[in-house]
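Take UniProt numbering: the last position of the sequence shown gets the number 555, and nothing is skipped along the way.
Worksheet: the structure to be examined is printed underneath.
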Amino acid sequence: MRLISLLQKKSKLFYILLLLLGLINSVWSMGLLLLINSRIAGTALPFVKDYDWQIYAGMILVSFFTARAFQSYTIRLTYELGNDLGLSVFDKLRFSDYEEYIRLGEEKVRTATADVTTLQRFPNVFIEVFNALVMVLIGMGYLFYTNFFGALLILGVLSALAVVYYVRNMAISKDLNTVRDLANIYQQNVNDFLRGFKDVKMSITRSDNIFHKYISQNRNRVKELTVKTLIKYMGNELMGNYLWYLLIGIIVFLLPVILHMTNEVNNQFVVTLLYLMGPVGIVVARISEFTQMQIAVDRLHQFHDKINASKAIAIGHGDLPAAGDKFESIRFEDVTFEYYDERRAETFRLKPLTLDIKKGESIFITGGNGSGKSTFVNLLTGLYVPHSGTISLNGRVIGERTYPGYRNRIAAIFTDSILFNENYDGLELAPDNERLMFWLRKMELENVVTFDHEKKSIKADLSKGQQKRLALIYVMLEDKDVIVLDEWAAEQDPVFRAYFYKIIIPELKQMGKTVIAVTHDDAYFNCGDRLIKFDYGTIVSDTSVNTATDLHYAV
1 MRLISLLQKK SKLFYILLLL LGLINSVWSM GLLLLINSRI AGTALPFVKD
51 YDWQIYAGMI LVSFFTARAF QSYTIRLTYE LGNDLGLSVF DKLRFSDYEE
101 YIRLGEEKVR TATADVTTLQ RFPNVFIEVF NALVMVLIGM GYLFYTNFFG
151 ALLILGVLSA LAVVYYVRNM AISKDLNTVR DLANIYQQNV NDFLRGFKDV
201 KMSITRSDNI FHKYISQNRN RVKELTVKTL IKYMGNELMG NYLWYLLIGI
251 IVFLLPVILH MTNEVNNQFV VTLLYLMGPV GIVVARISEF TQMQIAVDRL
301 HQFHDKINAS KAIAIGHGDL PAAGDKFESI RFEDVTFEYY DERRAETFRL
351 KPLTLDIKKG ESIFITGGNG SGKSTFVNLL TGLYVPHSGT ISLNGRVIGE
401 RTYPGYRNRI AAIFTDSILF NENYDGLELA PDNERLMFWL RKMELENVVT
451 FDHEKKSIKA DLSKGQQKRL ALIYVMLEDK DVIVLDEWAA EQDPVFRAYF
501 YKIIIPELKQ MGKTVIAVTH DDAYFNCGDR LIKFDYGTIV SDTSVNTATD
551 LHYAV
């Protein structure tokens, strides 16, 4: 089982301690059987004499404390493993490519974290099953010691049942994998419902379809498969329970006839079977949980294989000093980027792009939907890596080791950027920060925001336009060289929009900042240094505002 190997990798002592527990439980189980059967038969064991109850109590204590110690060890080990697996999901994601994350999908990340939670039930289940298996093995060994051919018949019946269980469990596992796939789709539907709640409310057709054709249909399918698997598990348990009546019947009625077993041997067989009913019942009952855990482990491995960020993790934050000198320029040279659908058919291509961005420039990017603006922004900010061509920072081509440092030089506010609830940037968000208060006044938020002194953050219960203003304040506190603003002014009122283009952008330029703003506000195109227009994946015009006589007609 893959989970066992993961535990062994986590602790080299795992197999040794497991063996020790097995030996102690073997002695305990064998001693228990011998003591009970000898007591029932009325024949004292030669090495026990008059101390049988003391030995019995001693074995109980030894078994109890051994099981407790090993179970405590396994709980710590498993939760450490679960914690490591859970953290590794996000550790890999933070180093993975943005393209990789988009292909993966948020829903798979959520279900992967749920898989980690599933694995944390492992310790109790494993100890129960392990102890039960030891008792079954010892019990069967005792039966072979008592009567070989009778035990062989019992083993044959149990083996046949085990084969039936295995075949049925394979079918159950297939259904559970389907349920797991449906969970991914369900998470996607839920994300769409919650994030697009306003849009859902605006259309009866949309509202009915997302509920009836997607969410309800998904949950009903999961319900059907879950009920189906539970009934199969119930059937397995019933088969296991009624098997004992069959075995006892074989012992009482059949074995004395065909093997001429004595009453004493018959009694020993019956007592041993009654002794084994509990352990075998535990194993059968826990099969469903082991199946779910195995699926969780397999899915986590698939998840990690899809991310495949081992190289990125090894690079880490890369060679920061190489990207750490004073910003002067960014150059795109013959940069291309393509999008593909699931069949690897090309759906969009950014044609070879050559472009220079100099320190202190304010550049406006414009173009229609699907023109290539967003792709350019993702390439500029380092979220996308060119499929061909190069991007250079200060004359040096950016490579794998310098991409993290390159991204870190750029501050960006995307159209879908959010304000975090926590102060993850470690900024000094307090009223005594003069620079913060200066920008709050400039953005007309001084009397709007509320400080959370305990978290050292600002509560972001603001309108969309105010959130964008606060995000720009955070950018100014980060004090990075290049600022990328994707449709930043779209949510601003007309007065503040004009204020942004005519006052804030020129001030940013005076501070030595390089500003690249995606915008459709043609009334303010003359407030920048350059206007770059995209169409069909290429730059159709790159105009210097200072030399343009009539910019509106030029674009």
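All residues carry an ideal CB built from backbone N, CA and C; glycine is no exception.
Treat the numbers as computed from the prediction; the structure is a model and nothing was measured.
Please identify the residue among the options whose C-alpha is closest to the C-alpha of residue i.
i	options	result
residue 221	190, 254 and 185	185
residue 451	443, 485, 486 and 437	437
residue 532	542, 402 and 240	542
residue 78	455, 235 and 118	118
residue 158	497, 258 and 240	240
residue 195	286, 224 and 418	418
residue 327	132, 512, 135 and 522	512
residue 387	107, 369, 259 and 353	353
residue 96	463, 496, 250 and 303	303
residue 251	325, 521, 143 and 522	143
residue 275	286, 248 and 523	248
residue 391	465, 329, 73 and 369	329
Can you list, in chain order, the residues of its chain with a C-beta nearer than 7 Å to that of residue i? Leave out the 5 residues immediately preceding and following it.
i	result
residue 557	Outside the displayed span of the chain (1 to 555) sits residue 557, for which this structure offers no information.
residue 179	222, 225 and 226
residue 279	132, 135 and 136
residue 520	366
residue 291	169, 172, 173 and 176
residue 100	307
Excluding sequence positions up to five away, which residues of its chain have a Cβ less than 6 Å from the Cβ of residue i?
i	result
residue 535	367 and 371
residue 105	none
residue 362	505, 509, 515, 528 and 529
residue 254	none
residue 440	446
residue 109	none
residue 517	364 and 485
residue 427	477
residue 375	337 and 350
residue 378	384
So, are the CB atoms of residue i and residue j less than 7 Å apart?
i	j	result
residue 229	residue 172	yes
residue 128	residue 282	yes
residue 356	residue 409	no
residue 243	residue 161	yes
residue 415	residue 487	yes
residue 443	residue 483	no
residue 338	residue 331	no
residue 526	residue 540	no
residue 461	residue 402	no
residue 307	residue 92	yes
residue 373	residue 365	yes
residue 116	residue 152	no
residue 209	residue 284	no
residue 556	residue 272	Any question about residue 556 goes unanswered here, given that the chain covers just 1 to 555.
residue 98	residue 383	yes
residue 82	residue 120	yes
residue 232	residue 299	no
residue 134	residue 289	no
residue 176	residue 295	yes
residue 500	residue 489	yes
residue 458	residue 429	yes
residue 293	residue 122	yes
What residue range does the alpha helix (DSSP H) around residue i cover?
i	result
residue 108	106-119
residue 530	Premise fails: residue 530 lies in the beta strand (DSSP E), 530-535, not in any alpha helix (DSSP H).
residue 193	148-195
residue 258	255-258
residue 307	263-307
residue 509	505-510
Assuming residue i is part of the beta strand (DSSP E), what are its boundary residues?
i	result
residue 327	Note, residue 327: premise wrong, no beta strand (DSSP E); not H, not E.
residue 353	346-358
residue 417	Neither: residue 417 is in no beta strand (DSSP E) and is coded neither H nor E.
residue 451	450-452
residue 485	482-486
residue 515	514-518
residue 540	538-544
residue 366	362-367
residue 382	Careful: residue 382 lies outside any beta strand (DSSP E) and carries neither H nor E.
residue 203	Note, residue 203: premise wrong, no beta strand (DSSP E); not H, not E.
Within the same chain, show all residues whose beta-carbon is closer than 8 Å to that of residue i, passing over the 5 residues directly before and after it, in chain order.
i	result
residue 218	182, 185, 186 and 189
residue 381	407, 410, 412 and 484
residue 270	248, 251 and 252
Below 8 Å on the Cβ atoms is my guess for residue i versus residue j; work out the distance and round it to an integer in Å.
i	j	result
residue 112	residue 89	5 Å
residue 423	residue 455	6 Å
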